[in-house]
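**Q**
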Amino acid sequence: MTTPAAQPPRDRALGRGISTLIPQAAPATPAEQAAAVLTAMQSVPVRVGVLQAAVVLLEGRVRATGDEAERAAAATTVAMLRSAIDRAGSAPR
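Letter by letter, the sequence shown follows residues 970 to 1062 of the working numbering.
Dropping the structure here:
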């Protein structure tokens, strides 16, 4: 008789792996966490459509927020994403 392989729990919280990927000594702001994730993910392949969707969402955030630090972080991230989209468009296939 064989037993089925153990399945990982399906109720795992989204984002739980970020602290494993990027250990943090002190609580970080969402902008600091996003910057760290972007740095860690620079060499990870991502579909251009995902980047384009992120640009649209962040551009909306740039227009909507009254927080200057958040606006600057979102605008910087938009510029980084646009640069990645441009590089993907010029990459050899």
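Beta carbons: idealized from backbone N, C-alpha and C, even for Gly.
1. Compare the C-alpha of D1055 against each of Q1021, A1033, A1004 and name the closest.
2. Could you check the C-alpha separation between P1014 and E1037 for me, to the nearest Å?
3. Relative to the alpha-carbon of A1003, which residue among A1044, S1059, A1057 has its alpha-carbon at the smallest distance?
4. Compute the Euclidean distance between the alpha carbons of M1010 and L1050, then round it to the nearest angstrom.
5. Please report how far the alpha carbon of A1046 lies from the alpha carbon of V1017, in whole angstroms.
6. Any idea if L1026 is buried or exposed, counting beta-carbon neighbours within 10 angstroms, 16 or more meaning buried?
7. Less than 8 Å between the beta carbons of A1042 and A997, yes or no?
8. What are the start and end residues of the alpha helix (DSSP H) that includes D1055?
9. Which two residues bound the contiguous alpha helix (DSSP H) that contains R1032?
**A** Per the coordinate set shown:
1. One-based indexing of the sequence shown puts residue 1055 at position 86. Answer by Cα proximity: Q1021.
2. Reading the sequence shown from its first residue, position 45 is the one you call residue 1014. Reading the sequence shown from its first residue, position 68 is the one you call residue 1037. Going from the Cα of P1014 to the Cα of E1037 covers about 31 Å.
3. Locating residue 1003 in the sequence shown gives position 34, where the first residue counts as 1. Nearest of A1044, S1059, A1057 to A1003, Cα basis: A1044.
4. Position 41 of the sequence shown, counted from the first residue, corresponds to residue 1010. Position 81 of the sequence shown, counted from the first residue, corresponds to residue 1050. So the alpha carbons of these two residues sit roughly 12 Å apart.
5. Taking the sequence shown and counting its residues from 1, the one referred to as residue 1046 is at position 77. Taking the sequence shown and counting its residues from 1, the one referred to as residue 1017 is at position 48. As written in the sequence, residue 1046 is Thr, which differs from the Ala given in the question. Rounded to whole angstroms, T1046 to V1017 spans 15 Å at the Cα level.
6. In the sequence shown, the residue the question calls residue 1026 occupies position 57. Result: exposed.
7. Your numbering for residue 1042 matches position 73 in the sequence shown. Your numbering for residue 997 matches position 28 in the sequence shown. No.
8. Indexing the sequence shown from 1 puts residue 1055 at position 86. First-last of the alpha helix (DSSP H) with D1055: 1037-1059.
9. The sequence position of residue 1032 within the sequence shown is 63, counting from 1. R1032 -> alpha helix (DSSP H) spans 1017-1033.
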